[in-house]
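Visitor:
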Amino acid sequence: GNQITGEHLGTFGEGIGGCTQLTSLVLSFTNNQITGERLGTFGEGIGRCAKLASLVLDFRGNQITGEHLGTFVEGIGRCAQLTKLELGFGGNQITSEHLGTFGEGIGRCAQLTSLVLGFTRNQITGE
3 GNQITGEHLG
13 TFGEGIGGCT
23 QLTSLVLSFT
33 NNQITGERLG
43 TFGEGIGRCA
53 KLASLVLDFR
63 GNQITGEHLG
73 TFVEGIGRCA
83 QLTKLELGFG
93 GNQITSEHLG
103 TFGEGIGRCA
113 QLTSLVLGFT
123 RNQITGE
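For the sequence shown, the numbering used here assigns the number 3 to the initial residue and increments by one for each residue that follows.
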């Protein structure tokens, strides 16, 4: 891992959003210090990749609380051609509180045929 805090994660996502012909994207941010504050802006940037069909994002081993997960997935939900989505959030600090909006965002991905979500080692309860 590095020591990426996520401070510029939104700007990074916005930059990727300029890649209008992108059809597949794989990014790994494992074992950093990302808190998730800019996660929403990052997702909105990715959502501008109109031709994106396959997206794999790995945020395992960070400090994401889940507060901005809804906005993050809402942005990704704008990728109308997305058929494959893999999101790894294991080893963070995500609570149950924000999973509802997260699920609603995933529901907007109408073309999905493959979905893999990883939430191991978080603070999710059955509530």
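All residues carry an ideal CB built from backbone N, CA and C; glycine is no exception.
Could you round the C-beta distance between Q95 and I66 to whole angstroms and report it? I think they count as a contact, below 8 Å.
Guide: By one-based count along the sequence shown, residue 95 stands at place 93. By one-based count along the sequence shown, residue 66 stands at place 64. Q95 to I66, Cβ: 7 Å. Contact.
Visitor: Within a Cβ cutoff of 6 Å, which residues of the same chain sit near N124, ignoring the five residues on either side of it in sequence?
Guide: Position 122 of the sequence shown, counted from the first residue, corresponds to residue 124. Cβ within range, chain order: N94 and I96.
Visitor: From R40 to L71, what distance separates their C-alpha atoms?
Guide: One-based indexing of the sequence shown puts residue 40 at position 38. One-based indexing of the sequence shown puts residue 71 at position 69. Approximately 10 Å between the Cα atoms of the pair.
Visitor: What does DSSP give as the partner residue(s) for T59 in the beta ladder?
Guide: Along the sequence shown, read from residue 1 onward, the residue named residue 59 stands at position 57. According to the sequence as given, residue 59 is Leu; it is not Thr. L59 pairs with L29 and L89.
Visitor: Under three-state DSSP, which class holds T73?
Guide: If you number the sequence shown from 1, residue 73 lands on position 71. T73: helix per DSSP, three-state reduction.
Visitor: Can you give the Cα-Cα distance for E9 and N34, rounded to whole angstroms?
Guide: Within the sequence shown, the letter at position 7 stands for residue 9. Within the sequence shown, the letter at position 32 stands for residue 34. Taking the straight line joining both Cα atoms gives about 12 Å.
Visitor: Taking the alpha-carbon positions, what's the L59 to T85 distance?
Guide: The sequence position of residue 59 within the sequence shown is 57, counting from 1. The sequence position of residue 85 within the sequence shown is 83, counting from 1. About 14 Å.
Visitor: Considering only residues of the same chain and omitting the five flanking positions on each side of N64, which have a CB-CB separation below 6 Å?
Guide: Along the sequence shown, read from residue 1 onward, the residue named residue 64 stands at position 62. Contacts found: N34, I36 and N94.
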